[in-house]
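S.K.: First residue of the sequence shown? That's 2 in my numbering, and the numbers climb one at a time after it.
Structure incoming, see below.
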Amino acid sequence: MGKLDGKVAVITGGSTGMALAGAKLFVDEGAHVFITGRRQEALDEAVRQIGRNVTGVRGDASDLDDLDRLYDTVKREKGSIDVLWASAGGGEPALLGEITEAQFDTWFGLNARGTLFTVQKALPLFNDGGSILMTGSNASLGAFPGWSVYAGSKAVQQAWARVWLNELKDRRIRVNVLTPGQVATAKQEELFDEATMRQFESLIPRGRMGHPDEIATAALFLASDDSSYVNGMELVADGGTTAL
Ligand SMILES: NC(=O)c1ccc[n+]([C@@H]2O[C@H](COP(=O)([O-])OP(=O)(O)OC[C@H]3O[C@@H](n4cnc5c(N)ncnc54)[C@H](OP(=O)(O)O)[C@@H]3O)[C@@H](O)[C@H]2O)c1
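Right under this line is the structure:
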């Protein structure tokens, strides 16, 4: 018996990286999964890799019309949602003094505004007793130079989890934040050169970057009844970096 048998899960930004690893695991555990991403090609490849019980819906998680299209598809195909993992997010470095309005608007538009509307627009379809998780970042727990826009745009999630779990308590919907540290994804390789990656690793007590599968298992915990009494928490999966 799977931990998500018969459940419907929506994962934004699920076509690569840790959310794709999570989508595969959720399907292995019995869920039907809807994944999103902006590039149709990457989405098609992810659907091919997952192989069954998956629907790819192209869209930008910061675009409210795309979110409406996503939930229209979910409603038409499955009727309701048990698990929402709002994972689409991102950032770029810029030191205070050099931050542009466009950078602020882009990353708050996706990580904060996009996440809020991803959750809000899912609510009419949400089954009582469901689970909402949002991907934060340990950047919002540390003091990493250049990452204030990203850190700030992710830090809102902890506050929202607390308020929303209270607002949703009569529906027994839990809300938690999954907070990774450095995870070896394609995005990391795009952002950082080899020397920078090794420097990051030297700061991680676990001695290496995380693997997407190690975030997927933490997501499964928060999505499933294994965490039935965990609510409003931030689960930090960063190899111990922010514990120092
Ligand atoms: N990797 C890390 O070390 C790390 C650490 C801490 C937190 N995080 C957070 O973890 C989450 C996933 O990170 P990742 O590194 O796995 O991501 P990623 O590789 O950059 O992207 C994962 C997926 O998200 C999709 N995506 C990106 N922007 C999107 C948007 N606006 N709307 C819809 N889909 C979008 C991408 O597809 P398209 O490009 O086709 O849209 C891709 O399929 C993000 O929220 C990130 O901030 C990552």
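We treat Cβ as the ideally placed atom computed from N, Cα and C, and that holds for glycine.
Could you tell me the alpha carbon to alpha carbon distance between Leu96 and Met210, rounded to whole angstroms?
M.R.: On the sequence shown, position 95 is the one that residue 96 refers to. On the sequence shown, position 209 is the one that residue 210 refers to. So the alpha carbons of these two residues sit roughly 24 Å apart.
S.K.: Does Asn167 come out as helix, strand or coil in the three-state DSSP assignment?
M.R.: Taking the sequence shown and counting its residues from 1, the one referred to as residue 167 is at position 166. Here Asn167 sits in helix by DSSP.
S.K.: When you compare only the Cα positions, how much space is there between Arg173 and Ser225?
M.R.: Numbered from 1 along the sequence shown, position 172 holds the residue referred to as residue 173. Numbered from 1 along the sequence shown, position 224 holds the residue referred to as residue 225. Computed Cα separation, rounded: 13 Å.
S.K.: Is it true that the CB of Trp86 sits closer than 8 Å to the CB of Ala10?
M.R.: Translated into positions along the sequence shown, residue 10 becomes position 9. Translated into positions along the sequence shown, residue 86 becomes position 85. Yes.
S.K.: In chain order, what residues of the same chain have a beta carbon less than 7 Å from the beta carbon of Tyr72, not counting five sequence neighbours either side?
M.R.: Here residue 72 refers to the residue found at position 71 when the sequence shown is read from its first residue. Same-chain partners within the cutoff: Lys122, Ala123, Leu126.
S.K.: What are the boundary residues of the beta strand (DSSP E) that includes Phe127?
M.R.: As a working note, residue 127 is residue 126 in the sequence shown. Residues 127-136.
S.K.: Between Lys4 and Leu21, what straight-line distance do the alpha-carbon atoms span, to the nearest angstrom?
M.R.: Translated into the one-based positions of the sequence shown, residue 4 becomes position 3. Translated into the one-based positions of the sequence shown, residue 21 becomes position 20. Rounded to whole angstroms, Lys4 to Leu21 spans 18 Å at the Cα level.
S.K.: Give the list of continuous alpha helix (DSSP H) stretches no shorter than 4 residues that lie fully inside the segment 148-213.
M.R.: 149-168, 187-192, 195-203
S.K.: Within 10 angstroms of its Cβ, does Pro146 collect 16 or more other Cβ (buried), or is it exposed?
M.R.: Indexing the sequence shown from 1 puts residue 146 at position 145. Exposed, by the Cβ-count rule.
S.K.: Return the first residue and the last residue of the beta strand (DSSP E) that Phe35 is part of.
M.R.: As a first step, residue 35 must be located in the sequence shown, where it is residue number 34. From DSSP, the beta strand (DSSP E) with Phe35 extends over 33-38.
S.K.: Would you mind listing the beta strand (DSSP E) stretches within the segment 47-95 that are 3+ residues and don't spill past its ends, in chain order?
M.R.: Listed in chain order, they are 55-59, 82-87.
S.K.: From the DSSP output, in three-state form, read off Val237 for me.
M.R.: Residue mapping note: residue 237 aligns to position 236 of the sequence shown, counting from 1. The answer is strand: DSSP assigns Val237 an E or B state.
S.K.: Measuring from the CB of Arg209, is there a heavy atom of ligand 1 at a distance below 7 Å?
M.R.: Counting from one through the sequence shown, the residue named residue 209 turns up at place 208. Arg209 Cβ: outside cutoff for every heavy atom of ligand 1.
S.K.: In the DSSP assignment, find the alpha helix (DSSP H) that holds Val231 and state where it starts and stops.
M.R.: Against the sequence shown, residue 231 aligns to sequence position 230. No alpha helix (DSSP H) contains Val231, which DSSP labels as neither H nor E.
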